[in-house]
Amino acid sequence: MPMAGHPEGTLTFLLTDLVASTRSWEASPAGMRDAMVRHDRIVARCLKRHHGEDGGRAGDSVLAVFHRAGDAASCALALQREFAAGPWPADTRLTARIALHSGEVQHREGRYYGQALNRCARLLATCHGGQVLISQATEQLVVDELPGRAALRDLGLHRLKDLKRTEHVFQLVDLDNPKEFPPILSVPRQITNLPAQLTAFIGREDELKQLREMHRQSRLLTLTGPGGAGKTRLALELASQLVGEAADGVWLVELDPLSDPLLVPQAVASGLGLKERPGRRMADTLIDHARQRSM
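Numbered as in the numbering used here, the sequence shown ends at 351 without a single skipped number.
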């Protein structure tokens with residue numbers, strides 16, 4: 057049932073999706089029936105405890121609506137904890153992915169509609185089983201009222217399918233059972249040459265946050281420190297989070313191999329994919345290229 061009075065204004069939406077549920081129904085219909093009974097009890101219990109309202113179902117997916125973003129985050133954490141704890145039928149274990157987004161609600165004929173729900177659904181589509189993703193709109197509302205033993209991990213900017221505006225995505229982390237997930241399944245951006253990182257970036261969120269704030273105030277940042285301190289990895293992680301903020305891309309130029317500073321323009325041009333023009337200084341070509349671009 058929708059919330060009493062059909063509220064207007066900013067609400068927080070929680071969307072769930074069961075991973076590989078169609079395959080599970082095909083493999084074990086009886087097991088899935090039993091599992092869904094437990095699933096529905098868990099959902100009803102968590103919504104009641106955290107002041108959420110059932111906004112409707114689509115197949116095995118749940119839409120819940122909250123007045124407070126903090127309640128939505130607490131509910132998401134509780135759902136994942138209960139799903140992980142079980143018990144489930146021997147041949148059927150349910151795993152859910154969850155997304156939270158806050159925005160203006162539209163209510164018609166007993167249902168919720170609008171761009172906020174569309175964005176929440178697209179965010180959910182990037183999520184892995186067992187993971188909770190939070191949009192920037194929700195992060196701004198919940199950052200000072202996170203549930204106990206929970207934290208937010210900044211996953212950077214991402215493109216969501218069919219949406220023009222990029223989304224700054226955060227992961228809700230259960231500190232009692234922290235998990236590592238592959239990169240989220242957002243739409244890949246091709247306007248970058250940053251190398252793919254094969255390991256997760258863990259434990260330097262405070263430094264990243266400080267660097268992001270400094271980057272907003274200055275066009276040039278220099279990281280200094282002893283060899284092996286992780287300067288390059290930190291810089292690459294910052295750069296990867298900035299992909300999407302610059303309309304014309306984020307680019308890496310390796311200067312370590314250079315022994316002559318006069319070769320820097322050629323190295324930058326190579327990194328950007330520019331070709332030398334006969335009779336023209338490479339520095340001038342770079343200036344012309346960068347003048348009208350956001351990189």
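The beta carbon of each residue, even a glycine, is placed where N, CA and C say it ideally should be. For clarity, every value in this text was computed on a predicted model and none was experimentally measured.
Residue i (DSSP reduced to helix, strand or coil)
i      : result
Arg113 : strand
Thr341 : helix
Asp90  : helix
Ser158 : strand
Gln348 : coil
Ala120 : strand
Phe226 : strand
Arg105 : helix
Arg178 : helix
Thr365 : Because the chain is modelled from 57 through 351, residue 365 falls outside the range shown and cannot be assessed.
Arg336 : coil
Arg167 : strand
Pro145 : coil
Glu138 : helix
Leu231 : coil
Ser84  : coil
Arg221 : coil
Residue burial classification, residue i (beta-carbon count within 10 angstroms, cutoff 16)
i      : result
Ser274 : exposed
Gln266 : exposed
Leu333 : The residue you asked about is not Leu; residue 333 is Arg in the sequence shown. By the neighbour-count rule (16 or more Cβ atoms within 10 Å), Arg333 is not buried but exposed.
Gly115 : exposed
Gly159 : buried
Arg178 : buried
Gln171 : exposed
Gln297 : buried
Gly65  : exposed
Tyr169 : exposed
Asp73  : buried
8 Å Cβ cutoff met for residue i and residue j
i      : j      : result
Val75  : Thr151 : yes
Leu308 : Ala325 : no
Val118 : Val93  : no
Leu189 : Ala207 : no
Gly185 : Arg153 : yes
Leu211 : Thr222 : no
Glu263 : Leu292 : no
Leu311 : Ala302 : no
Ala128 : Leu70  : yes
Arg175 : His163 : no
Thr255 : Val306 : no
Strand pairing of residue i, partner residues [DSSP]
i      : result
Thr72  : Ile154
Val243 : Arg215
Leu67  : Gly159
Thr248 : Val306
Practice problem: Would you mind listing the alpha helix (DSSP H) stretches within the segment 254-330 that are 4+ residues and don't spill past its ends, in chain order? | Solution: Taking only runs of at least 4 residues, the alpha helix (DSSP H) segments lying wholly in the segment 254-330 are 261-273, 287-298 and 320-328.
Exercise. With a floor of 4 residues, list each alpha helix (DSSP H) that falls wholly inside the segment 183-215, ordered by position along the chain.
Key: 192-198
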